[in-house]
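Contents: one structure, followed by commentary.
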Amino acid sequence: MRRRFRDLPLRSRLALLTALAVAVAVAACAGAAWFLVRGQLRSSVDETLRGSSVQGPMLADQAVSGRCVTDPDQLADDVPSPLGFVTQVVRPDGEACLIQGNATLHVSDSDLAVAQGRQRESLHDATGSDGAAYRVITRQVRTPAGEVTVTVARPLSEVDDPLRSLAVVLALVAAGGVVGAAGVGVALARAGLRPVDRLTEATEHIARTEDLSVRIPVAGDDEIARLSRSFNSMTAALASSRELQQQLIADAGHELRTPLTSLRTNIELLVRSEETGRPLPPDDRRQLLASVTAQLTELGALIGDLQELSRPERAAGSGRVEVVGLHEVAARAVARARLRARGMPINAALDPWFVRAEPSALERVVVNLLDNAVKFGAEGPNAAAGVDVTLRDGMLLIRDRGPGIPPDELPHVFERFWRAPGARRLPGSGLGLSIVARTVRESGGQVSLHPARDAAGGTEAVLRLPGAPVPPPEGAGQGLY
Numbered sequence: 001m002r003r004r005f006r007d008l009p010l011r012s013r014l015a016l017l018t019a020l021a022v023a024v025a026v027a028a029c030a031g032a033a034w035f036l037v038r039g040q041l042r043s044s045v046d047e048t049l050r051g052s053s054v055q056g057p058m059l060a061d062q063a064v065s066g067r068c069v070t071d072p073d074q075l076a077d078d079v080p081s082p083l084g085f086v087t088q089v090v091r092p093d094g095e096a097c098l099i100q101g102n103a104t105l106h107v108s109d110s111d112l113a114v115a116q117g118r119q120r121e122s123l124h125d126a127t128g129s130d131g132a133a134y135r136v137i138t139r140q141v142r143t144p145a146g147e148v149t150v151t152v153a154r155p156l157s158e159v160d161d162p163l164r165s166l167a168v169v170l171a172l173v174a175a176g177g178v179v180g181a182a183g184v185g186v187a188l189a190r191a192g193l194r195p196v197d198r199l200t201e202a203t204e205h206i207a208r209t210e211d212l213s214v215r216i217p218v219a220g221d222d223e224i225a226r227l228s229r230s231f232n233s234m235t236a237a238l239a240s241s242r243e244l245q246q247q248l249i250a251d252a253g254h255e256l257r258t259p260l261t262s263l264r265t266n267i268e269l270l271v272r273s274e275e276t277g278r279p280l281p282p283d284d285r286r287q288l289l290a291s292v293t294a295q296l297t298e299l300g301a302l303i304g305d306l307q308e309l310s311r312p313e314r315a316a317g318s319g320r321v322e323v324v325g326l327h328e329v330a331a332r333a334v335a336r337a338r339l340r341a342r343g344m345p346i347n348a349a350l351d352p353w354f355v356r357a358e359p360s361a362l363e364r365v366v367v368n369l370l371d372n373a374v375k376f377g378a379e380g381p382n383a384a385a386g387v388d389v390t391l392r393d394g395m396l397l398i399r400d401r402g403p404g405i406p407p408d409e410l411p412h413v414f415e416r417f418w419r420a421p422g423a424r425r426l427p428g429s430g431l432g433l434s435i436v437a438r439t440v441r442e443s444g445g446q447v448s449l450h451p452a453r454d455a456a457g458g459t460e461a462v463l464r465l466p467g468a469p470v471p472p473p474e475g476a477g478q479g480l481y
């Protein structure tokens, strides 16, 4: 049954659940109303019995004088029985005789207790000899002849018959309420799920056409509106991701075309010299092979950068990180940069600073920043002053004395494949700073470039990573790291 319910459409399930909830509520209200009316009717019967004049001294005198029988057929016709009342006298030995009525009642233990003076009053239900149900009260009545125990009973049909009619009415009302609730549930389900239908249609349209420009109109601030906004945000993010992916492919194709074209030209020149039997001069051949090697190196670096940028970006602090000394990483990067600096001095002053990061990725960040400083610092009028690398209080500052970056180009320096117009003749793919920005974000830090603040000119690269000047104790938690 559970599986069948789950297989139903959502509208049908909502309508059924609404009808079930209304049925339970109506049944509870109907039951409460029925028991309340029943209690009131029975209380009214009890009050009528307690105040009934049938218990008067005259009937007791009749019992004492012998006008008391054990068979209803023996009663005289002139003894009235108003409203179906049954009146009988109970003796202390448990015998009973009928004074009025059409049935006799069994003497219960509580009736006998009243007759024997052990109990003041008895009020209970009983079944008469005619099979009908009665409400019975038994108590002592004072007569001129003494105390007499009298039982007066009233038929419960005057309670049960209205209750049966009430039960039928309540059942019909409940059934109508359930049917109406089911109809209302269907209408509400259709109205409430209309935004979900639009969302489903949009999802099916995207799956069918791959058109990520579809948006769902959003109205209000309820759960459906939140779902619609989330769907719109998701499709916008997917569209942006696809656009970035296409842009990456286009830019990568453009950047790969240059080294590949140069490689093809050089290789074709070498092949043609072999095919024509006219070998190139040794110096020209050596230069061609060196150019091919450099282009292959540049091509390999470009492919590595593309692979790095193609992987999903991790959240800050995630991934395989460990405690590493930023000063040690910067020292290794400085040593590598000095090999490529061609005599340009690189001045380093590095205070200890320990961070949580991936060592190889962090070293690549510092190397890329240093390579940029060396590349562009060699062109400035103050290039002889070299590059300064300073690490103090967790801030790594790399300052060159090159021509600097124009203010209108600063917002673009961390974009993929972006290269300043004056730097396009220099080697590089335009991906180095993009990788720097991405790696720093994944490490929970910040990186920025801005013009140097003194008159010597140049550019300052500032890298900040959370950490501490001393490594954490063995087995300690992350803390400041």
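Residue numbers (UniProt numbering): 1 to 481.
Just so it is clear, CB atoms sit at the ideal spot from N, CA and C, and this is done for glycine as well.
Nothing here was measured: the structure is a model prediction, and the numbers come from that model.
So, for residue i: in the same chain, excluding its five sequence neighbours on each side, which residues have a beta-carbon less than 6 angstroms away from its beta-carbon?
i	result
residue 445	464, 465
residue 162	none
residue 212	235, 238, 239
residue 186	15
Using DSSP with H/G/I as helix, E/B as strand and the rest coil, what is residue i?
i	result
residue 13	helix
residue 405	coil
residue 55	Caution is warranted here: a pLDDT of 44 is assigned to residue 55, below 50, making its placement in the model unreliable, and no coordinate value can be reported.
residue 232	helix
residue 158	helix
residue 337	helix
residue 48	helix
residue 348	strand
residue 85	coil
residue 124	strand
residue 498	Residue 498 is absent from the model: the chain starts at 1 and stops at 481.
residue 79	In this prediction, residue 79 has a pLDDT of 48, which is less than 50 and means its spatial position is unreliable; nothing more can be read from the coordinates.
residue 172	helix
residue 132	coil
residue 444	coil
residue 467	strand
residue 450	strand
residue 101	coil
residue 216	coil
residue 283	helix
Whole angstroms are fine: how far does the CA of residue j sit from the CA of residue i?
i	j	result
residue 97	residue 143	17 angstroms
residue 20	residue 178	8 angstroms
residue 364	residue 392	20 angstroms
residue 395	residue 403	24 angstroms
residue 353	residue 226	45 angstroms
residue 469	residue 362	17 angstroms
residue 122	residue 37	23 angstroms
residue 116	residue 160	33 angstroms
residue 459	residue 324	27 angstroms
residue 190	residue 246	41 angstroms
residue 147	residue 114	11 angstroms
residue 195	residue 45	59 angstroms
residue 151	residue 26	41 angstroms
residue 216	residue 257	41 angstroms
residue 164	residue 31	13 angstroms
residue 351	residue 328	10 angstroms
residue 303	residue 293	15 angstroms
residue 232	residue 432	33 angstroms
residue 282	residue 266	15 angstroms
residue 171	residue 33	12 angstroms
residue 158	residue 133	10 angstroms
residue 286	residue 471	51 angstroms
So, at 7 angstroms on beta carbons, what are the nonlocal neighbours of residue i in its own chain, with the 5 sequence-adjacent residues on each side left out?
i	result
residue 107	90, 94, 96
residue 346	334, 337, 338, 386, 387, 389
residue 269	288
residue 437	414, 447
residue 22	177, 178, 181
Verify whether the separation of the beta carbon atoms of residue i and residue j is less than 8 angstroms.
i	j	result
residue 356	residue 409	no
residue 413	residue 398	no
residue 228	residue 218	yes
residue 104	residue 128	yes
residue 374	residue 333	no
residue 188	residue 439	no
residue 462	residue 448	yes
residue 153	residue 86	yes
residue 349	residue 331	no
residue 326	residue 467	yes
residue 156	residue 135	yes
residue 457	residue 401	yes
residue 295	residue 273	no
Spell out whether any CB of chain C is found under 8 angstroms from the CB atom of residue i.
i	result
residue 268	Any reference to chain C falls outside this structure, which holds one protein chain only.
For residue i and residue j, which I take to be in contact (beta-carbon distance under 8 angstroms), what is that distance rounded to the nearest angstrom?
i	j	result
residue 139	residue 120	7 angstroms
For residue i, collect the residues of the same chain with a Cβ closer than 8 angstroms to its Cβ; drop the 5 residues on either side in sequence, then sort them by chain order.
i	result
residue 48	154
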